[in-house]
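In full-length UniProt numbering, the protein residues as written are 1 to 493.
Comments concern the structure below.
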Amino acid sequence: MSTSPGPHLLTELVFPARYEALSDRLGHQLASVLVSPEHETRDLLEDTARALTARGEGLFVPIYAPSGTGKTTLANNLDTFLPGTFTPTLSFAKDVDADTLQTETLKHLREFPVNNQKIVPINIDHREGSPPTGTELAAIKRFLRQPGTGHKALILWPETSPDLSLQMAESYIKIAGRSPVKLPIHISGPPRETWVDIARSTLRLANSLDSLEDLGVEPKDYDPAEYLSIGDYLRAISDDFTRLAMEMLRATRMPLRLAIVFASESSDAGVLTHLTSSNRFGLLDGNALLDASPESEVGRWWSKRRGLLTSAIVRLDARVFGLPPSASIGILRRFGPETVQEQLAAMQIRMPGEQQIVRNIERCDVGKYLLGKSRATFETKGTPTTTSLAAFQLIAETGFQSGKDKLLNYAMAQALTSFTSHKGLECATKAETSLGFCPLIPDNSLVFEREAVCFEYTWRGSDFLTAKNRGNIAAYCLTKIRNYCRELNWVPE
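Laid out in structure tokens, this is it:
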């Protein structure tokens, strides 16, 4: 059966502990995590750069440090630590010969102005434990004396073994002559006092979410002094974070999602964009919810349980969406209670076919969520806006209380059944019915093979998703999350 809508948030949470994975995850945001190395290492790099420029000849520099120190991070980001001195690093993973080095360096230099005078770092990171042969060292020497390319190149050869690194340095000096700096260079990573902030930034940026440390894996609880390297430190946090996410996912018999839906006159998400993540479509932002309703009873309750709030939002992959009249009126005209259908018929609103219902849902945020779309591109199509708005206002006049909203929720369930069937989403749709494997009774639920999506609707008779209602909307969302936590026994009372 299909799993929808896309992966559960808990399965997407990561804590990359190695540079390669972190770089791939963050892209240009990687610079936000990087911290300059210890002063001694920085001074050695500056001395090396000055010596290279003074000689007018490139340098071969073996560097060494224990695994996890940050050799790859340093070698690949010299332009970040010394931006006026180095170009971005050329990562070289081909055969080590003069022609290939020349070709790859020329290709790299085409990305910069012709008069660029910066040094080109070349990181040969794929040969750890396999030092260059005599033939390769001769090729490196020849390349480093090439005008226009090698003469301003700094070839870095990372190693974990100081003995191998020393062997490389001595072998190169024998064929190329005295080095202007002492080789090999022993490097150090970022100062230990920065490790906690690095870990927190990694957690936040890798997942595009704030406050994830509130889940229970807090970097400040890990003492950097107890770890040999920053790599060991980050791996310890990464292992615990991964374990925690999986424990949360397994905590219920079936993973749950919560989608809170505001059905109103509002034609777009409005103020909901201020209560949700800017990076994850519709995902509730705990801090924004608390900021919007600090004096409400539920706001005060949650302010004492911030860690639980973050945990609940993540475990429920809790989202919030608006349902505009352009989608809701067609649903109520076809599937609504008899009295509502009569009211809409009297307004000469035609009975829509299932295809139109499906199309209208697909165009609103609820549909995009169910189809796993990462961003909303809301369109007010379907029933003409003026007609659907007037129709919604008419229904709202009779109110949504005294059980009337439950009848509308049943209509939503029928519409979701049509939508999921037409879109090939294999699931069982329930309305006002217990999930069975837990005590929750959502307004609607879509039960897939491996997860259940719970819909909670609130019907509001106005253009509700506006700034003046921000506090009420936040309090409603906080109340729903609290109710779910209580039903699932996630909070002691």
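Glycine included, each C-beta is placed from N, C-alpha and C at the ideal position.
Three-state secondary structure assigned by DSSP to residue i
| i | result |
| --- | --- |
| W302 | helix |
| A251 | coil |
| C454 | strand |
| W195 | helix |
| H8 | coil |
| T429 | strand |
| T69 | coil |
| I173 | helix |
| H186 | strand |
| I331 | helix |
| N444 | strand |
| L478 | helix |
| A259 | strand |
| residue 496 | No answer is possible for residue 496: it lies beyond the span of the chain, which begins at 1 and ends at 493. |
| L44 | helix |
| A390 | helix |
| residue 499 | No answer is possible for residue 499: it lies beyond the span of the chain, which begins at 1 and ends at 493. |
| G367 | helix |
| I349 | coil |
| D24 | helix |
| I237 | helix |
| V35 | coil |
| P162 | helix |
| L309 | helix |
| P16 | coil |
| N77 | coil |
| V271 | helix |
Nearest residue (CA-CA) to residue i, options the options
| i | options | result |
| --- | --- | --- |
| A93 | P113, D99, L78, D125 | D125 |
| V320 | T276, I237, R25, P180 | T276 |
| N472 | L323, N76, S293 | S293 |
| V33 | R204, V14, K373, T72 | R204 |
| R253 | L488, G403, E12 | L488 |
| E363 | T273, L323, K304, E432 | Looking at the sequence itself, residue 363 is Arg, so the reference to Glu does not match. Ranking the options by Cα distance to R363, first place goes to L323. |
| Y484 | A31, L290, V453 | V453 |
| W459 | F392, A428, L435, P439 | F392 |
| D405 | I155, T339, T479 | T339 |
| D24 | L45, G84, A206 | A206 |
| E265 | P325, T242, R250 | P325 |
| T387 | I119, A345, L435, G353 | A345 |
| D197 | D163, L234, P162 | L234 |
| R142 | S434, P337, Y172 | Y172 |
| E111 | D97, T89, E128 | T89 |
| K152 | A31, R127, Q102 | Q102 |
| L389 | C477, T417, S267, S161 | S267 |
Contacting residues, own chain, Cβ-Cβ under 8 Å from residue i (five flanking each side not counted)
| i | result |
| --- | --- |
| Q167 | P131 |
| E451 | T3, H8, M254, P255, L256, R257 |
| A138 | I175 |
| G399 | G461 |
Contact belief for residue i with residue j at Cβ below 8 Å, rounded distance in angstroms
| i | j | result |
| --- | --- | --- |
| E159 | Y19 | Contact flag wrong, Cβ pair sits at about 16 Å. |
| L308 | V491 | 6 Å |
| F15 | S238 | 4 Å |
| P180 | R55 | 6 Å |
| D214 | S311 | 7 Å |
| F455 | N444 | 4 Å |
| D365 | A225 | About 48 Å; that fails the 8 Å criterion. |
| R42 | F81 | 7 Å |
| S62 | S165 | The identity of residue 62 in the sequence shown is Pro, whereas the question assumes Ser. So it is a contact: roughly 4 Å between Cβ atoms. |
| I155 | G216 | Not a contact, Cβ separation roughly 45 Å. |
Contact under 8 Å by Cβ, residue i with residue j
| i | j | result |
| --- | --- | --- |
| R315 | M412 | no |
| A318 | L13 | no |
| A475 | V298 | yes |
| L371 | P5 | yes |
| L144 | F86 | no |
| R486 | W301 | no |
| P121 | A75 | yes |
| S188 | E40 | yes |
| S303 | L289 | no |
| A396 | Y410 | no |
| A231 | A17 | Looking at the sequence itself, residue 231 is Gly, so the reference to Ala does not match. Yes, the pair counts as a contact, with Cβ atoms nearer than the cut-off. |
| Q356 | G330 | yes |
Contacts around residue i, its chain only, beta-carbon distance under 7 Å, and the 5 residues preceding and following it disregarded
| i | result |
| --- | --- |
| A467 | V271 |
| I361 | A327, G367, A415, F419 |
| T479 | V298 |
| R333 | Q341, L344, I349, M351, P352 |
| F241 | F15, V217 |
| S201 | S32, V33 |
Cβ-heavy atom distance, residue i to the ligand HEM, below 7 Å
| i | result |
| --- | --- |
| N472 | Of the ligands one can find in the structure shown there are none, so the ligand HEM has no counterpart to examine. |
Closer than 8 Å to chain D by CB, residue i
| i | result |
| --- | --- |
| L272 | You won't find chain D in this structure, because it holds only one protein chain. |
Residues of its chain near residue i, where Cβ-Cβ distance is below 6 Å and the 5 sequence neighbours each way are ignored
| i | result |
| --- | --- |
| D47 | V181 |
| S208 | N279 |
| H108 | L90 |
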